[in-house]
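**Q** My questions all concern the structure below.
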Amino acid sequence: MKGWLYLLPAVLFLGFFMIYPLIDVFVYSFEEGYNFASQTYFGTGTYNYKYVLRDPYFLQAVKNTFILVVITVPLSTGLALLISVGLSSIKPLRQLYQTVFFLPYVTNTLAVGLVFMILFKKTPYSDGFVNLLINWFGGKSVDFIDGPYWAKMFVLCLYTIWVVMPFKILILTSALASVNRQYYDAAKIDGTSGFRIFRKITLPMISPTIVYLIITGFIGAFKAYSDAVALFGTNLNGAQMNTIVGYVYDMLYGSSGGYPSYASAAAIILFIIVLTITCINLLVSKKHVHYIS
Amino acid sequence: MKVALQHLTKKFPGRGRKAREVIAVNDFTFEIPDGKLIGLLGPSGCGKSTALNLLCGLLKPTDGKIFFGDEDVTGLAAEKRGVGMVFQNYALYPHLTVMQNIIFPLQNLKGPDKLSKSQLREKAYEVAKLVQIDSLMDRKPAELSGGQQQRVAIARALVKMPRILLMDEPLSNLDARLRLQTREEIRRIQRETKITTVFVTHDQEEAMSISDLIVVMKDGMIQQIGEPQQVYDAPANLFVAKFLGNPPINTFDGAVQGGKLYIGGEAVMEVKDVPDQQVIVGARPEGFVLNRDGAFTCRLKGVEVMGRDISVLAEHDSCHDPVIRAIVSAESQVDLASASVRFDLKPGKLFLFRKQTEERIG
Chain B
32 MKGWLYLLPA
42 VLFLGFFMIY
52 PLIDVFVYSF
62 EEGYNFASQT
72 YFGTGTYNYK
82 YVLRDPYFLQ
92 AVKNTFILVV
102 ITVPLSTGLA
112 LLISVGLSSI
122 KPLRQLYQTV
132 FFLPYVTNTL
142 AVGLVFMILF
152 KKTPYSDGFV
162 NLLINWFGGK
172 SVDFIDGPYW
182 AKMFVLCLYT
192 IWVVMPFKIL
202 ILTSALASVN
212 RQYYDAAKID
222 GTSGFRIFRK
232 ITLPMISPTI
242 VYLIITGFIG
252 AFKAYSDAVA
262 LFGTNLNGAQ
272 MNTIVGYVYD
282 MLYGSSGGYP
292 SYASAAAIIL
302 FIIVLTITCI
312 NLLVSKKHVH
322 YIS
Chain X
97 MKVALQHLTK
107 KFPGRGRKAR
117 EVIAVNDFTF
127 EIPDGKLIGL
137 LGPSGCGKST
147 ALNLLCGLLK
157 PTDGKIFFGD
167 EDVTGLAAEK
177 RGVGMVFQNY
187 ALYPHLTVMQ
197 NIIFPLQNLK
207 GPDKLSKSQL
217 REKAYEVAKL
227 VQIDSLMDRK
237 PAELSGGQQQ
247 RVAIARALVK
257 MPRILLMDEP
267 LSNLDARLRL
277 QTREEIRRIQ
287 RETKITTVFV
297 THDQEEAMSI
307 SDLIVVMKDG
317 MIQQIGEPQQ
327 VYDAPANLFV
337 AKFLGNPPIN
347 TFDGAVQGGK
357 LYIGGEAVME
367 VKDVPDQQVI
377 VGARPEGFVL
387 NRDGAFTCRL
397 KGVEVMGRDI
407 SVLAEHDSCH
417 DPVIRAIVSA
427 ESQVDLASAS
437 VRFDLKPGKL
447 FLFRKQTEER
457 IG
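Protein chains in written order, with our numbering: chain B, 32 to 324; chain X, 97 to 458.
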């Protein structure tokens, strides 16, 4: 009884700002044509879901989100692991490198977006830094911001990877540092190759951290929105670069917005996708993760 | 495999700008005969673990050479030396089973030496039987007791038939009873495999009981090398005399004059061929014989009965320690009411050391 009393502030807060809205969204998603101002709706049913699932903008957003997730999560985690291992094995300038790799984390998303503009954006005056490089190697300029789909997707993925890596590097370097050196000594004396030490000792030892990063990475990538806005502006549907969260936002507040029911249905679909993927992640990782007490 | 060290030296840079460098291992020259078990013995920080790390190749010496047999391995990396090592905390891979831990070194073999699965299993069981853990092969290290983990660590070190076996304080994480048992085990396993073994410990009893040879170290310097009993019976200096033996040796200020040893004014013993000088006298606890008319008089403090024998506790003004401990047989009669107790001293259990150098005289 006393315990519940202590928990009350947190429970109230969570209930009011998390649980209640969640239930509310769930309810809205089944109410057709819900209107905020008048608090009215036409009827109940699965019409909102049917509409959203047939909406080409939503399907485009789902496709974009999945491409983003599938490309950025493995790549960013793998690269972060590579860099962390590198960082752990050097002594001189390690602090400097760690700081450099951490910089994107403390940089504002929109500021980073600006940097990417300079790198990729075509203007009347220049084709952007990357195009200069391409030209220099004899290639033809590509419009990365307003051009073909694959070019835009490439920039978005690159941007996402670059933004999420610092945190992963930070977590992985500390995980690597926490592995007892004696295991490496023992393996070395037994004539173990560097690659085998990494695969058979380092990886299993830091596997809980890697799984944590993959799961949070998946969730984070599914929730991507601000990155796309920073690169392509607010008319994401027009740019074919919308994400699921972007779609939800547009349905609520966008220029074509004012449809809370559709937004709710899309949000619930996203929730189901993330839940499914996370469950699969946990099931798969159970076999390969070694939690050591 | 015979192991020879020649002028082996390891210096570590001091920490801080003006810190002096630390000489952890200072000019080691000795030879370990083939198939023997030798104990590196010394107090904490004397450089014994550093010496072991030099032998296995985890550290590179500042100076000197190491030979395995006739091969100079000084420049050889740890993975190429073919040594087996048992770590103080065992360093068993926690995510692998006992079986996987044991075959780990064998799986590193490549090319023509590569072993098939059944060969791996066979070898693992062979060595597991030797250390008596063949019934635990599917467990994880966390599911084993300390003693069992220790055996797995030994099995892992032995399975690749190392040229030499190194053990870094292998018993320090075990409780007293298990330590006794395990040290017998180590002795037995070493005898059966006949692998030259170097064993590091700070426990003199441990080193004395299982080593063929002990190397007593202090501050990176070898103090004495020899068979345990020989080192005990003829310590090279006061440090060795104090370090070996439990209860420890009793030390006194004394003087030699006219062929007689004086402690606190009493002539306690004849000493021939020793020039007159001030000395430090070391007397082993078992070197005291109760005698009503004995030459050495101490104030009696009490008696501790330990079953097999009795400790007589006494005081003497010339003694360096607050209490003198003399071990006498249980049949001896000690008059507890008396204020004093008199002993005769056994010549073989009494050592004289130079006052300045603390080296043994004679």
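Idealized CB from N, CA, C, for every residue including glycine.
#1: Look at the alpha carbon of Pro266 of chain X and the alpha carbon of Gly242 of chain X, and state the distance between them as a whole number of angstroms.
#2: Output the distance between the C-alpha atoms of Phe198 of chain B and Phe147 of chain B, rounded to the nearest integer angstrom.
#3: Under 8 Å, CB to CB, which of the residues in the region 145-163 of chain X have a partner in chain B?
#4: Which residue's Cα is closest to the Cα of Ala433 of chain X: X:Lys397, X:Lys206 and X:Ile406?
#5: So, is Arg177 of chain X buried or exposed, given that buried needs 16 or more other C-beta atoms within 10 angstroms?
#6: Going by DSSP, what residue range makes up the beta strand (DSSP E) through Met263 of chain X?
#7: If you drop the 5 nearest sequence neighbours on each side, which residues of the same chain put their C-beta closer than 7 Å to that of Leu205 of chain X?
#8: Expressed to the nearest angstrom, what Euclidean distance is found between the alpha-carbon atoms of Ile134 of chain X and Ile128 of chain X?
#9: Mind listing the chain B neighbours of Lys106 of chain X? Cutoff is C-beta to C-beta under 9 Å, in chain order.
#10: Using a Cβ cut-off of 7 Å, which residues of the region 177-206 of chain X contact any Cβ in chain B, in chain order?
#11: What are the partner residues of Asp440 of chain X, as DSSP defines its beta bridges?
#12: If you measure between the beta carbons of Gly174 of chain X and Ile102 of chain B, is that distance less than 8 Å?
#13: What would DSSP say about Leu137 of chain X, mapped onto helix, strand or coil?
#14: Helix or strand or just coil, what does DSSP make of Asn342 of chain X?
#15: Entirely within the region 65-153 of chain B and at least 4 residues each: give me those alpha helix (DSSP H) ranges in chain order.
#16: So which residues on chain X does His321 of chain B lean against when the C-beta distance must stay under 8 Å?
#17: Let's test the definition: count the other Cβ atoms within 10 Å of the Cβ of Gly76 of chain B and tell me whether it reaches 16, buried, or not, exposed.
#18: Report the CB separation of Ile229 of chain X from Gln215 of chain X in whole angstroms; it is logged as a contact under 8 Å.
#19: Thr146 of chain X: which of X:Glu362, X:Gln320, X:Pro190 and X:Val294 sits nearest, CA to CA?
#20: Are the CB atoms of Thr274 of chain B and Tyr256 of chain B nearer to each other than 8 Å?
#21: Any idea what DSSP makes of Gln115 of chain X, helix, strand or coil?
#22: Which whole-angstrom value is the C-beta distance of Thr240 of chain B and Leu203 of chain B, which I expect to be below 8 Å?
#23: Please list, in chain order, the residues of the region 212-229 of chain X that have any C-beta partner in chain B closer than 9 Å.
#24: Taking Ala174 of chain X as the query, report the chain B residues whose CB atoms sit under 7 Å from its CB, ordered along the chain.
#25: At the level of alpha carbons, what is the spacing between Ala220 of chain X and Pro258 of chain X?
#26: Just how far apart, CA to CA, sit Leu136 of chain X and Val118 of chain X?
#27: Taking 7 Å as the cut-off, is the C-beta of Phe249 of chain B nearer than that to any heavy atom in the ligand HEM?
#28: Quick check on Met272 of chain B: does DSSP put it in helix, strand or coil?
#29: Under 8 Å, do Glu302 of chain X and Arg273 of chain X count as touching if we go by C-beta distance?
#30: List, in chain order, every chain X residue whose beta-carbon is nearer than 9 Å to that of Thr223 of chain B.
#31: Assuming the contact rule is C-beta atoms closer than 8 Å, Lys144 of chain X and Val296 of chain X should be a hit. Round their C-beta distance to whole Å, please.
#32: Among residues of its own chain, excluding the 5 on either side of Thr393 of chain X, which ones have a beta-carbon nearer than 7 Å to its beta-carbon?
#33: For chain X, find out if any of its Cβ atoms is closer than 8 Å to the Cβ of Pro291 of chain B; answer yes or no.
**A** Once the coordinates are examined:
#1: Their backbone Cα atoms lie some 11 Å apart in a straight line.
#2: Cα-Cα distance, rounded: 20 Å.
#3: So the close ones are Cys152, Gly153 and Leu154.
#4: For the options X:Lys397, X:Lys206 and X:Ile406, the alpha carbon positioned closest to that of Ala433 of chain X is the one of X:Lys397.
#5: Its Cβ being crowded by 16 or more others within 10 Å, Arg177 of chain X is buried.
#6: Taken as a continuous stretch (DSSP letters only), the beta strand (DSSP E) holding Met263 of chain X covers Ile260 to Asp264.
#7: Excluding positions up to five away in sequence, the list reads Leu211.
#8: Separation of Ile134 of chain X and Ile128 of chain X (C-alpha to C-alpha, rounded to the nearest whole angstrom) is 7 Å.
#9: Going along chain B, no residue has its Cβ under 9 Å from Lys106 of chain X, so there is no contact; the nearest lies around 16 Å.
#10: Going along the region 177-206 of chain X in chain order, one finds Val179, Met181, Phe183, Asn185, Ala187, Tyr189, Pro190, His191, Phe200, Pro201 and Asn204 with a Cβ nearer than 7 Å to chain B.
#11: According to DSSP, Asp440 of chain X bridges with X:Val385.
#12: Note that residue 174 of chain X corresponds to Ala in the displayed sequence, not to Gly. Going by beta carbons, Ala174 of chain X and Ile102 of chain B fall outside the 8 Å limit.
#13: In this structure, Leu137 of chain X counts as strand in the three-state DSSP scheme.
#14: DSSP places Asn342 of chain X in coil when its eight states are reduced to three.
#15: Runs of the alpha helix (DSSP H) inside the region 65-153 of chain B: 78-85, 87-120, 125-137 and 140-151.
#16: Within chain X, the residues near His321 of chain B are Pro190 and His191.
#17: By the neighbour-count criterion, in which a residue is buried when 16 or more other Cβ atoms sit within 10 angstroms of its Cβ, Gly76 of chain B is exposed.
#18: Going by Cβ atoms, the distance from Ile229 of chain X to Gln215 of chain X rounds to 19 Å, so no, they are not a contact pair.
#19: Answer by Cα proximity: X:Val294.
#20: Taking a C-beta distance under 8 Å as the contact criterion, Thr274 of chain B and Tyr256 of chain B qualify as a contact pair.
#21: The sequence given here places Ala at residue 115 of chain X; Gln does not occur at that position. Coil.
#22: Contact between Thr240 of chain B and Leu203 of chain B holds, since their C-beta atoms are separated by about 6 Å, short of 8 Å.
#23: Against chain B - using a Cβ distance shorter than 9 Å - the region 212-229 of chain X contributes no residues.
#24: Contacts between Ala174 of chain X and chain B, judged by CB atoms closer than 7 Å, involve Lys219 and Ile220 in chain order.
#25: Counting only the Cα atoms, Pro258 of chain X lies some 14 Å from Ala220 of chain X.
#26: One alpha carbon belongs to Leu136 of chain X, the other to Val118 of chain X, and they sit about 19 Å apart.
#27: For the structure depicted, the ligand HEM is absent and the ligand set is empty, with no information on it obtainable.
#28: Annotated three-state conformation of Met272 of chain B is coil, per DSSP.
#29: No; because the gap between Cβ atoms is not below 8 Å, this pair is not in contact.
#30: Ordered by position in chain X, the residues that pass the 9 Å Cβ test against Thr223 of chain B are Glu175, Phe200, Pro201, Gln203 and Asn204.
#31: The pair is a contact, with the Cβ atoms about 5 Å apart (cut-off 8 Å).
#32: Cβ within range, chain order: Glu362, Ser436 and Arg438.
#33: It does not: the Cβ of Pro291 of chain B has no partner Cβ on chain X nearer than 8 Å.
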